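Visitor:
Numbering (the numbering used here), first residue to last: 737 to 965.
#1: By DSSP, does residue 796 sit in helix, in strand, or in coil?
#2: Between residue 928 and the rest of its own chain, which residues show a CB-CB distance below 8 Å, the 5 nearest in sequence each way excluded?
#3: Is residue 747 closer than 8 Å to residue 803 when the C-beta atoms are compared?
#4: How far does the alpha helix (DSSP H) with residue 899 in it reach, from first residue to last?
#5: For residue 950, does the three-state DSSP call read helix, strand or coil?
#6: May I have the straight-line CA-CA distance separating residue 816 from residue 806, to the nearest angstrom?
#7: Pick helix, strand or coil for residue 843, following the three-state DSSP scheme.
#8: Using a Cβ-Cβ cut-off of 7 Å (strictly less than) and excluding sequence neighbours within five positions of residue 763, which residues of its own chain qualify?
#9: Compare the Cα-Cα distances from residue 868 to each of 794, 739 and 853 and report the closest residue.
#10: Could I get the ranges of all uninterrupted alpha helix (DSSP H) runs contained in the region 749-807, with 4 residues as the minimum, in chain order?
#11: Tell me which residue opens and which closes the alpha helix (DSSP H) that residue 814 is part of.
#12: Can you list, in chain order, the residues of its chain with a C-beta nearer than 7 Å to that of residue 959? Leave out the 5 residues immediately preceding and following it.
#13: Rounding to the nearest angstrom, what Cα-Cα distance links residue 761 and residue 829 in this structure?
#14: Distance check for residue 962 and residue 790, CA to CA, integer angstroms please.
#15: Within 10 Å of its beta-carbon, does residue 856 have 16 or more other beta-carbons around it, so buried, or fewer, so exposed?
#16: Determine whether the beta carbon atoms of residue 914 and residue 871 lie at a separation below 8 Å.
#17: Could you give the distance in angstroms between the alpha-carbon of residue 832 and the alpha-carbon of residue 954?
#18: How should residue 801 be labelled, buried or exposed, when 16 other C-beta atoms within 10 angstroms of its C-beta is the threshold for buried?
#19: Give the straight-line distance between the Cα atoms of residue 918 and residue 810, rounded to the nearest whole angstrom.
Listed below in structure tokens is the structure:
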């Protein structure tokens, strides 16, 4: 078995372990195996994970970087990951308790879930597009000098400077809705605020430390939303 295949398999195993962990989390907290919104959320996640891996399977170095980033992660990014993980877990906790036990959001109609699922998928596809376009799409903020870090100007990076975060905001917003909870929008909203802060900090880092980024900013002026922000 060659190294590339081994790295892809490792990414698959990690993804399924995380999915199993989320499943246990959701169904134990909801208190019922009939929590269909949990099944919906997990099913979409599994499909998107497989699609995502399919698009970057030919770039094992990127997968390797995402599984185990190299040195130089910004200290503030480590803090971001602590708070981001907490807010994500709170989203799952509140959503599963609300939809499974408390039922404060039980009145939500079917079309609501269709729209929420659509938003989640669109956001994830934007994220996949950004990741497959950018060979330096790491899970952490660092200047990847060890990998010959270069600016990505193709794919969605032609329209906004941080399309991965734009997609992430979309599926983060959709997550509590797919899980059937309006109350879980509170921690999900916190996650979105954290993503926006991280986007701004990363953009400043790239401008100050990555050659050519200032010129790129003059050509692609918006961070997250074309023509707006």
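Cβ atoms here follow ideal geometry from the backbone N, Cα and C, with glycine treated the same way.
Please read these numbers as outputs of a predicted model, since none were measured by experiment.
Guide: Inspection of the coordinates gives the following:
#1: On the chain shown, residue 796 is found 60 positions in, with the first residue counted as 1. DSSP places residue 796 in helix when its eight states are reduced to three.
#2: Here the question's residue 928 lines up with position 192 in the chain shown. Closer than 8 Å at the Cβ level, and outside the excluded window around residue 928, lie 905, 908 and 909.
#3: As a first step, residue 803 must be located in the chain shown, where it is residue number 67. As a first step, residue 747 must be located in the chain shown, where it is residue number 11. A contact, by the Cβ cut-off of 8 Å.
#4: On the chain shown, position 163 is the one that residue 899 refers to. It spans 899-914 - the alpha helix (DSSP H) in which residue 899 sits, taken as one unbroken run.
#5: Working through the chain shown from its first residue, we reach residue 950 at position 214. Three-state result, residue 950: helix.
#6: Translated into positions along the chain shown, residue 816 becomes position 80. Translated into positions along the chain shown, residue 806 becomes position 70. Spanning the two alpha carbons is a distance of roughly 18 Å.
#7: As a working mapping, residue 843 is identified with position 107 in the chain shown. The answer is coil: DSSP assigns residue 843 none of H, G, I, E or B.
#8: Locating residue 763 in the chain shown gives position 27, where the first residue counts as 1. Same-chain partners within the cutoff: 769, 771 and 774.
#9: By one-based count along the chain shown, residue 868 stands at place 132. When only C-alpha atoms are compared, the closest one is 794.
#10: 772-792 and 796-803
#11: Locating residue 814 in the chain shown gives position 78, where the first residue counts as 1. Its alpha helix (DSSP H) spans residues 811-833.
#12: For this step, residue 959 is matched to residue 223 along the chain shown. Here the set comprises 896, 897, 898, 935, 939 and 965.
#13: The residue you call residue 761 lines up with position 25 of the chain shown. The residue you call residue 829 lines up with position 93 of the chain shown. Roughly 8 Å separates the two Cα atoms.
#14: On the chain shown, position 54 is the one that residue 790 refers to. On the chain shown, position 226 is the one that residue 962 refers to. Going from the Cα of residue 790 to the Cα of residue 962 covers about 27 Å.
#15: In the chain shown, the residue the question calls residue 856 occupies position 120. Buried, because 16 or more other Cβ atoms sit within 10 Å of the Cβ of residue 856.
#16: Residue numbering aside, residue 914 sits at position 178 when the chain shown is read from its first letter. Residue numbering aside, residue 871 sits at position 135 when the chain shown is read from its first letter. No, the Cβ-Cβ distance between residue 914 and residue 871 is not below 8 Å.
#17: To locate residue 832, count along the chain shown from 1; it is residue 96. To locate residue 954, count along the chain shown from 1; it is residue 218. Each residue's Cα considered, the two are about 45 Å apart.
#18: Here the question's residue 801 lines up with position 65 in the chain shown. Flag for residue 801 reads buried.
#19: One-based indexing of the chain shown puts residue 918 at position 182. One-based indexing of the chain shown puts residue 810 at position 74. In a straight line, the C-alpha of residue 918 is about 34 Å away from that of residue 810.
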